[in-house]
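Chemist:
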Amino acid sequence: MGCAVGLLTTYSAEEAESEIGKLTPHLPMAELMNGGIIKVEGANGFFNPNSLLDPSWLKGKMTVEEYQNAINYINKCAAHSQVGLSKAYNTSERPMRLNLKTQAGMKAVEEINQRHRGVRFTYQQTAQNIQMNASWELDPAQKAMLGGRHPIGRSTLTILYIAVN
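Per numbering that gives the first Met the number 0, the very first residue in the sequence shown carries number 0; after that it's consecutive.
This is the structure we're talking about:
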């Protein structure tokens, strides 16, 4: 009964940030594309702030700490868009929730671009669904109940493109 009661509550800012803190280390690393554009793939509007493989990709226009802070800010804004929404929801609500995260992420990118003139972040929400091993979010008792099977989470691919001028 205790588990079900927890699902009937709504997200607080702290809970949303905590969940994102657990998710983001499991998201992909950044990659350098032709033309020096950095591509960061994420899930449902969230990105790995520790994804930069080589600080030289930033060409001195942004420090690694500024890069991490920018990604964390996007994540925080997307997470805060879910505050007050219930933790358990019908799949029909998924597009609305993703739209809230997308709007929050795009607004965060606009603010980052204003602060850091030497780089240009572009936020792209795709329609591509991705599957993720979601076992990292389970406590040990839940993992034991699965008997070694890994739960699969479904997400929508989100991409950040970072052009360094």
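Cβ coordinates follow ideal geometry from the N, Cα and C atoms, glycine included. No experiment lies behind these values; they were computed from the predicted model shown.
#1: Would you kindly check if the distance between the Cβ of residue 112 and the Cβ of residue 120 is under 8 angstroms?
#2: Got a sec? Which residues, its chain only, sit under 6 angstroms from residue 157 by beta carbon, not counting five neighbours each side?
#3: Just to confirm, does residue 12 get its C-beta within under 7 angstroms of one of the non-hydrogen atoms of the ligand HEM?
#4: Okay, do the stretch 101 to 118 and the stretch 67 to 77 touch, 3+ Cβ pairs below 8 angstroms being the bar?
#5: Roughly how many angstroms separate the alpha carbons of residue 83 and residue 67, rounded to a whole number?
#6: Mind pulling the alpha helix (DSSP H) runs of 4 or more residues that sit fully within the stretch 44 to 111?
#7: Would you identify the three-state DSSP class for residue 11, choosing helix, strand or coil?
#8: Among the residues of its own chain, which have a CB less than 6 angstroms from the CB of residue 142, if the five just before and after it don't count?
#9: Should residue 100 be labelled buried (16 or more other beta-carbon atoms within 10 Å of its own) or exposed?
#10: Let me confirm a value: residue 118 is counted as buried when at least 16 other C-beta atoms fall within 10 Å, else exposed. Which label applies?
Modeler: Taking the geometry as given:
#1: yes
#2: Excluding residues within five positions, the ones whose Cβ falls inside 6 angstroms are 41, 44 and 124.
#3: Of the ligands one can find in the structure shown there are none, so the ligand HEM has no counterpart to examine.
#4: Because the criterion of three Cβ pairs below 8 angstroms is met, the stretch 101 to 118 and the stretch 67 to 77 touch.
#5: 27 angstroms
#6: 63 to 79
#7: coil
#8: Note that residue 142 scores 44 on pLDDT, short of 50, meaning its location in the model is unreliable; the coordinates nonetheless yield the value given after this. Hits under 6 angstroms: none found.
#9: Buried.
#10: Residue 118 comes out buried.
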